[in-house]
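Asks: I have a structure I would like to understand better, so I am pasting it below and will then ask my questions one at a time.
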Amino acid sequence: MNQPRTVTVLGATGSIGHSTLDLIERNPDRYQVMALTAHRNVKELAAAAKRTKAKRAVIADESLYSALKEALAGTDVEAAAGPTALVEAAAMGADWTMAAIIGCAGLKPTLAAIRAGKTVALANKEALVSAGALMIEAVKNHGTILLPVDSEHNAIFQCFPHNNPEYVRRIIITASGGPFRKTPLEDMAKVTPEQAVRHPNWSMGAKISVDSATMMNKGLELIEAYHLFKVPLDTFEILVHPQSVIHSMVEYRDGSILAQIGSPDMRTPIGHTLAWPKRMETPSESLDFAKLRQMDFEAPDYQRFPALSLAVHSLKAGGPRPAVMNAANEIAVAAFLERKIGFLDIAKIVEKTLEYYTPPAPSSLEDVFAIDSEARLQAMNLMESLPA
Ligand code: NAD
Ligand code: MG
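Numbering (UniProt numbering) for the sequence shown: 1 to 388.
Have a look at this one:
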């Protein structure tokens, strides 16, 4: 019998973390959990660590160490806390690591997992947006296998001619268009966090749901795809496809187009990365084409979704722009979720931050963190000056 593979889940209490643990727990003989991490949810982290007999559980918020220790008393699970412990857990060298922390907060642990040189399933797109070149360099230097979890990138990965990238004519990244694709423009200023997180097809964490509503998510994904597939920028096309069953497509030079299609359930791409290069059974529903009946497509509306243009321009300008944009967006989305700013203010804050803060290009990880921190401060200051 094969030895079980060791697995670590960074961000085990989130939406991607839940789906990942669901697949792992359906196959207890095949996977052995090394470490699970979370930000503040001690109760859920401890419960998941006990259920999966994890070796270690790490809570990022250091002040919650004793609570975690107490919750794990009488078990064999080691408790740890704080940002350093997070990086150490990622560096333990599990055979397979899911990087599913949200935001730039995931950059250090994700990079630590990459440097361990095994297989990393990447969901944490913000890390790649802020520090793409450095991350891809680390993947190369450490011989790491990086497998994309984001449904679009996983789809492209499945269709892409990895040994012959020159065969590719076009990569079509699909987008649902989010919940406000048809909302009258004058109503968009008034949408609430509840409306914004109600995605028509996917069930996801709050931040990425808001990013989908502004379409910043597609912008982040374009940047993510650019780093992952290393083809010229003009190869990519964004296409709105409201049913979210074609997860993305690759067109070859001869005109053939390969699409990866399936029900919108993240357990399909996660399962693809978990079993890779094999395939595993997942509980994702088989797509019923007769019931679906039609697939629609339209070009993205850059007027309605200015965040998408900001991302395209940031990628073209390169240097520090994607990191500044990502940091400002994280601040603005958090403020929107806390009802401090309106929905349309999100893109305005990002645009203004990009306008006012123009640092030199980062050449090290320290530079990226400095840019990220300063851009957050600038975005917060700009928010204060917004007309009420
Ligand atoms: P989520 O908010 O549901 O979960 C985030 C996880 O990260 C939680 O476990 C949380 O405890 C942890 N976390 C948050 N802040 C942290 C911090 N400062 N330090 C350490 N840990 C922290 O998010 P999600 O929807 O699961 O998304 C996770 C990542 O996957 C994001 O980068 C997102 O863009 C990407 N992604 C998600 C989906 C999806 O369907 N949810 C799809 C594609 C890509
Ligand atoms: Mg996606």
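The beta carbon of each residue, even a glycine, is placed where N, CA and C say it ideally should be.
#1: Quick one: what's ALA79 bridged to in DSSP?
#2: Between ASP296 and the rest of its own chain, which residues show a CB-CB distance below 6 Å, the 5 nearest in sequence each way excluded?
#3: Candidates CYS159, ALA100, LEU147 and GLU25: which alpha carbon is nearest LYS118's?
#4: Shorter than 7 Å, the distance from the beta carbon of ASP29 to the closest heavy atom of ligand 2, or not?
#5: Would DSSP call GLU285 helix, strand or coil?
#6: Write down the C-beta distance between LEU86 and VAL58 rounded to the nearest angstrom, noting that I regard them as a contact closer than 8 Å.
#7: Pick from ALA100, ALA311, HIS18 and LYS291: whose alpha carbon is nearest that of ALA127?
#8: Check whether the segment 181 to 192 touches the segment 341 to 348, counting contact only when three or more Cβ pairs, one atom from each stretch, lie closer than 8 Å.
#9: Measure the alpha-carbon distance for THR273 versus MET215 and round it to whole angstroms.
#10: Might you give, ordered along the chain, the residues of its own chain that have their beta carbon closer than 6 Å to the beta carbon of ARG30, omitting 5 neighbours on each side?
#11: Which whole-angstrom value is the C-beta distance of SER15 and GLY205, which I expect to be below 8 Å?
#12: With respect to 7 Å, is the separation between the Cβ of ASP211 and the closest non-hydrogen atom of ligand 2 below this value?
#13: Run through DSSP, which three-state label would MET204 get?
#14: Expressed to the nearest angstrom, what Euclidean distance is found between the alpha-carbon atoms of ALA79 and HIS39?
#15: Ligand 2 heavy atoms versus the CB of SER151: any closer than 7 Å?
Replies: In short:
#1: In the sequence shown, residue 79 corresponds to position 79, counting from 1. Bridge partners of ALA79: ALA57.
#2: Position 296 of the sequence shown, counted from the start, is the residue given in the question as residue 296. Excluding the 5 residues flanking it on each side, ASP296 has same chain C-beta neighbours closer than 6 Å at PRO242, in chain order.
#3: Taking the sequence shown and counting its residues from 1, one reaches residue 118 at position 118. Nearest in C-alpha terms to LYS118, of all of CYS159, ALA100, LEU147 and GLU25, is LEU147.
#4: Here residue 29 is taken as the residue at index 29 of the sequence shown, counted from 1. Taking non-hydrogen atoms of ligand 2 into account, the C-beta of ASP29 is found less than 7 Å away from none of them.
#5: The residue given as residue 285 occupies position 285 in the sequence shown. Three-state result, GLU285: coil.
#6: In the sequence shown, residue 86 corresponds to position 86, counting from 1. In the sequence shown, residue 58 corresponds to position 58, counting from 1. Cβ atoms of LEU86 and VAL58 come within 8 Å of each other, at about 5 Å.
#7: Locating residue 127 in the sequence shown gives position 127, counting from the first residue. Nearest C-alpha to ALA127: ALA100.
#8: Taking a cut-off of 8 Å for Cβ pairs, the segment 181 to 192 and the segment 341 to 348 touch, as three or more such pairs fall below it.
#9: Position 273 of the sequence shown, counted from the start, is the residue given in the question as residue 273. Position 215 of the sequence shown, counted from the start, is the residue given in the question as residue 215. Each residue's Cα considered, the two are about 25 Å apart.
#10: By one-based count along the sequence shown, residue 30 stands at place 30. Closer than 6 Å at Cβ, skipping near neighbours: PRO4.
#11: Residue 15 sits at position 15 when you count from the first residue of the sequence shown. Residue 205 sits at position 205 when you count from the first residue of the sequence shown. Going by Cβ atoms, the distance from SER15 to GLY205 rounds to 4 Å, so yes, they are a contact pair.
#12: Here residue 211 corresponds to residue number 211 of the sequence shown, with the count starting at 1. It does not: the Cβ of ASP211 is nowhere closer than 7 Å to a heavy atom of ligand 2.
#13: To locate residue 204, count along the sequence shown from 1; it is residue 204. Note: MET204 maps to coil in three-state DSSP.
#14: Against the sequence shown, residue 79 aligns to sequence position 79. Against the sequence shown, residue 39 aligns to sequence position 39. One C-alpha to the other measures close to 14 Å.
#15: Within the sequence shown, residue 151 is the residue found at index 151, counting from 1. At least one heavy atom of ligand 2 is nearer than 7 Å to the Cβ of SER151, so yes.
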